[in-house]
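Structure first, then comments.
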Amino acid sequence: MNIKLSFFGAAKNVTGSRYLLETNNTRILIDCGMYQERDYRGRNWEPFPVDPSTIDTVLLTHAHVDHCGFLPKLVHDGFNGDILCTPATAEIAQIVLMDSAKIQFEDAKYKKKRHKREGREGPYPHIPLYTIDDARDTIKLLCKVKYQKKVEVANNIEATYYDAGHILGSAMIKIIVRDGDEKRSILFSGDIGRPNKVILRDPTVFEEADYVIMESTYGNRYHQEIDDIDDNLEEVINDTHQSGGNIIIPSFAIERSQELLYELNLLLMEKRIPPLVVFVDSPMANRVTKVFRDHPELFDKEMTDLLEDHHSPFSFRNLKLVNTVQESKAVNNIRGTAIILAGSGMCTGGRVKHHIANNITNPASTLLFVGYQAVGTLGRIILDGAEEIRLFGKKFPLKMKVKRIEGFSAHAGKDELFDWVTNLKKAPRRVFITHGEEEAAMHFSNYLHEKMGWNTFVPEFKDKVVLD
Numbered sequence: 019m020n021i022k023l024s025f026f027g028a029a030k031n032v033t034g035s036r037y038l039l040e041t042n043n044t045r046i047l048i049d050c051g052m053y054q055e056r057d058y059r060g061r062n063w064e065p066f067p068v069d070p071s072t073i074d075t076v077l078l079t080h081a082h083v084d085h086c087g088f089l090p091k092l093v094h095d096g097f098n099g100d101i102l103c104t105p106a107t108a109e110i111a112q113i114v115l116m117d118s119a120k121i122q123f124e125d126a127k128y129k130k131k132r133h134k135r136e137g138r139e140g141p142y143p144h145i146p147l148y149t150i151d152d153a154r155d156t157i158k159l160l161c162k163v164k165y166q167k168k169v170e171v172a173n174n175i176e177a178t179y180y181d182a183g184h185i186l187g188s189a190m191i192k193i194i195v196r197d198g199d200e201k202r203s204i205l206f207s208g209d210i211g212r213p214n215k216v217i218l219r220d221p222t223v224f225e226e227a228d229y230v231i232m233e234s235t236y237g238n239r240y241h242q243e244i245d246d247i248d249d250n251l252e253e254v255i256n257d258t259h260q261s262g263g264n265i266i267i268p269s270f271a272i273e274r275s276q277e278l279l280y281e282l283n284l285l286l287m288e289k290r291i292p293p294l295v296v297f298v299d300s301p302m303a304n305r306v307t308k309v310f311r312d313h314p315e316l317f318d319k320e321m322t323d324l325l326e327d328h329h330s331p332f333s334f335r336n337l338k339l340v341n342t343v344q345e346s347k348a349v350n351n352i353r354g355t356a357i358i359l360a361g362s363g364m365c366t367g368g369r370v371k372h373h374i375a376n377n378i379t380n381p382a383s384t385l386l387f388v389g390y391q392a393v394g395t396l397g398r399i400i401l402d403g404a405e406e407i408r409l410f411g412k413k414f415p416l417k418m419k420v421k422r423i424e425g426f427s428a429h430a431g432k433d434e435l436f437d438w439v440t441n442l443k444k445a446p447r448r449v450f451i452t453h454g455e456e457e458a459a460m461h462f463s464n465y466l467h468e469k470m471g472w473n474t475f476v477p478e479f480k481d482k483v484v485l486d
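Reminder that position 81 of the sequence shown reads as 99 in my numbering, one-by-one numbering, no gaps.
Next up, the structure:
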């Protein structure tokens, strides 16, 4: 067998997922994500390690920007093959890529103006990484594939998509490579969801794979019990309401916002929190929520039962969807306590930064984190205890309360990762631990090796290995 695997992203870090599989004169890229950590963003501007025009196909696990956000740049630089993904992923990816292209344009324009005013040069060019036209060209290449249906990617290479339980439409991809009488199975986990989460079905488990490439975002940490989420959310909301402040929740537009609406709807139905107005100040989240409404076939039993009882978490009485800039600004004029969900989830951009700026000096308000905060992001800086933060070129003292609920994570914790991979009936030839900060990836790699005796490996950026 002549199979090579290169790690062009998510190697000892948690964004920029890009894995290149080369075999039988075929190049297949699994995911094509954007780097988001401050220390690694420069990689987005570097030439892709191989000529994009020589890549035959992209297999996309899901529509988070750290897995699909670099696609328009790849297309701009010459890629013109099929991008295979599930139907829900295709619909969400369209939203994500158009939104990302708009952000690229606006960021470049703003930074050029600011750096000129400050008389300095920024670390990156004052041009967008890619344009809206590049995003449109990318969307044309999206090809929809169904779960558990084999797809011939190239001669003697087939791929099958399985439900990952991470976000709507997310997939694990199992690739079979044949060479005469020999074959190898290569399993890409994508991002692994948590079992028993709301809305979506549980992640698929597997009994056999020769090689496994799996994420390790929480490879060194256990999550709190899912059953505790509603209690913790109830406590934060009621405490902040009694103080007279607002609850600001930086929330990812995909899955996290919808899960929050699910939990808030239940708390309101059960009258465990006051009838506060819930603003979703994210046009992108609102568009993604519509995709959720259009794909009830992907929901678990509890969600299906709610819908059948006409208690949809996407249309309850106190819910206000905010789309325009004028509506967003008006949210800041409300009196009394409000719950404000806004992007981005790591506070790296978007409308949440404006809501933080408007509440940051108010000790009655609460900034509630419900998702992973990567190293170098504003969200991580705040969680790490910063007393002062920089927003829009100005420094603000951080006086609002900062809280965190970890149970919302869409990523499996250490024990759940271990349970998922050890469903395999026999040891794989090798397990590659990716998509985790170095400490988390190394910890889980060592843990899996010690517990199971398996051959594990944490790749470096641009490592290339032979899968024999």
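All C-beta atoms in this analysis are idealised placements derived from N, C-alpha and C, irrespective of residue type, glycine included.
No experiment lies behind these values; they were computed from the predicted model shown.
Nearest neighbour of residue i, chosen from the options [CA to CA]
{"i": "Ala430", "options": "Lys120, Tyr53, Gly208, Leu39", "result": "Gly208"}
{"i": "Gly389", "options": "Ala382, Arg398, Ser383, Pro381", "result": "Arg398"}
{"i": "Thr440", "options": "Arg422, Thr474, Phe426, Gly403", "result": "Thr474"}
{"i": "Glu455", "options": "Thr235, Asp49, Ala81", "result": "Thr235"}
{"i": "Ile247", "options": "Phe97, Ile423, Gln54", "result": "Ile423"}
{"i": "Arg290", "options": "Pro314, Asp249, Leu325, Ser261", "result": "Asp249"}
{"i": "Lys91", "options": "Glu64, His82, Ala108, Thr79", "result": "Glu64"}
{"i": "Gly14", "options": "Leu339, Leu278, Thr355, Phe270", "result": "The first residue shown for the chain is 19 and the last is 486, placing residue 14 beyond what the model contains."}
{"i": "Met364", "options": "Ile357, Thr355, Ile374, Ala356", "result": "Ile374"}
{"i": "Ala487", "options": "Phe462, Asp299, His329", "result": "What is shown of the chain runs 19 to 486, which leaves residue 487 out entirely."}
{"i": "Phe332", "options": "Asn351, Ala356, Ser362, Val296", "result": "Val296"}
{"i": "Arg335", "options": "Leu282, Lys134, Glu233, Glu200", "result": "Leu282"}
{"i": "Val309", "options": "Val83, Asn31, Ile113", "result": "Ile113"}
{"i": "Glu136", "options": "Ala119, Trp438, Gly411", "result": "Gly411"}
{"i": "His313", "options": "Ser427, Thr107, Thr72, Glu55", "result": "Thr107"}
Simplified DSSP assignment, three categories, for residue i
{"i": "Arg202", "result": "strand"}
{"i": "Glu315", "result": "helix"}
{"i": "Ser269", "result": "coil"}
{"i": "Arg45", "result": "strand"}
{"i": "Ile374", "result": "helix"}
{"i": "Asp209", "result": "coil"}
{"i": "Ala458", "result": "helix"}
{"i": "Glu225", "result": "coil"}
{"i": "Ile255", "result": "helix"}
{"i": "Leu89", "result": "helix"}
{"i": "Ile113", "result": "helix"}
Start-to-end residues for the beta strand (DSSP E) that takes in residue i
{"i": "Ala360", "result": "357-360"}
{"i": "Ala189", "result": "189-197"}
{"i": "Val439", "result": "It is not in any beta strand (DSSP E) - Val439 instead sits in the alpha helix (DSSP H) that spans 432-439."}
{"i": "Leu284", "result": "Per DSSP, Leu284 belongs to no beta strand (DSSP E); it is in the alpha helix (DSSP H), 274-287."}
{"i": "Thr72", "result": "Run containing Thr72: none; DSSP gives neither H nor E here."}
{"i": "Pro103", "result": "The sequence shown places Cys at residue 103, rather than the Pro named in the question. Run containing Cys103: 100-103, per the beta strand (DSSP E) assignment."}
{"i": "Glu170", "result": "169-172"}
Neighbourhood of residue i by C-beta distance below 8 Å, restricted to the same chain and skipping five residues each side
{"i": "Gly341", "result": "A small correction: the amino acid at residue 341 is Asn; Gly does not occupy that position in the sequence shown. Once the five neighbours on either side are set aside, the close Cβ partners of Asn341 are Pro301, Asn304."}
{"i": "Ala227", "result": "Lys192, Ser203, Ile204, Leu205, Leu442, Pro446"}
{"i": "Asn214", "result": "Asp220, Ile244"}
{"i": "Leu485", "result": "Met19, Ile21, Lys22, Leu23, Arg202, Ile204, Asp228, Tyr229, Arg447, Arg448"}
{"i": "Phe554", "result": "Here the chain covers residues 19 to 486 and nothing more, so residue 554 does not appear."}
{"i": "Gly183", "result": "Ile210, Gly211, Arg212, Pro213, Lys215, Leu218, Arg219, Asp220, Pro221, Thr222"}
{"i": "Leu401", "result": "Phe387, Gln391, Val420, Arg422"}
{"i": "Leu115", "result": "Cys86, Gly87, Leu89, Pro90, Ala153, Thr156, Ile157"}
Residues near residue i by beta carbon distance below 7 Å, same chain, minus five either side
{"i": "Glu252", "result": "Leu285, Arg290, Ile291"}
{"i": "Asp95", "result": "Phe66, Pro70"}
{"i": "Ile121", "result": "Gly367"}
{"i": "Cys487", "result": "For the chain, the structure presents residues 19 to 486; residue 487 sits outside this window and is missing."}
{"i": "Asn256", "result": "Ile291"}
Residues bridged to residue i (per DSSP)
{"i": "Leu386", "result": "Lys421"}
{"i": "Thr474", "result": "Val449"}
{"i": "Val296", "result": "Leu337, Ile357"}
{"i": "Ser24", "result": "Leu38, Lys482"}
{"i": "Tyr180", "result": "Met190"}
{"i": "Met232", "result": "Ile451"}
{"i": "Val349", "result": "Looking at the DSSP assignment, Val349 forms no beta bridge with any residue, so it has no partner."}
{"i": "Tyr165", "result": "Tyr179"}
{"i": "Leu77", "result": "Ile48, Leu102"}
{"i": "Leu218", "result": "Phe317"}
Continuous alpha helix (DSSP H) stretch holding residue i: start and end
{"i": "Leu396", "result": "396-401"}
{"i": "Asp152", "result": "150-157"}
{"i": "Cys161", "result": "No alpha helix (DSSP H) holds Cys161; the beta strand (DSSP E) holding it covers 160-162."}
{"i": "Cys86", "result": "83-86"}
{"i": "Pro415", "result": "That residue, Pro415, is in no alpha helix (DSSP H); its beta strand (DSSP E) goes 412-415."}
{"i": "Arg61", "result": "Arg61 -> no alpha helix (DSSP H), and no H or E assigned at all."}
{"i": "Ile407", "result": "Element bounds for Ile407: not the alpha helix (DSSP H) but the beta strand (DSSP E), 406-409."}
Own chain residues within Cβ distance below 6 Å of residue i, not counting five before or after
{"i": "Leu385", "result": "Ile266, Met418, Val420"}
{"i": "Lys168", "result": "Glu176, Thr178"}
{"i": "Ala111", "result": "Ala81, Cys86"}
{"i": "Asn380", "result": "Gly263, Met418"}
{"i": "Ser487", "result": "In the structure displayed, the chain extends from 19 to 486; residue 487 sits before or after that span and is not available."}
9 Å Cβ cutoff, residue i in contact with chain C
{"i": "Thr258", "result": "In the structure shown, chain C cannot be found, because there is only a single protein chain."}
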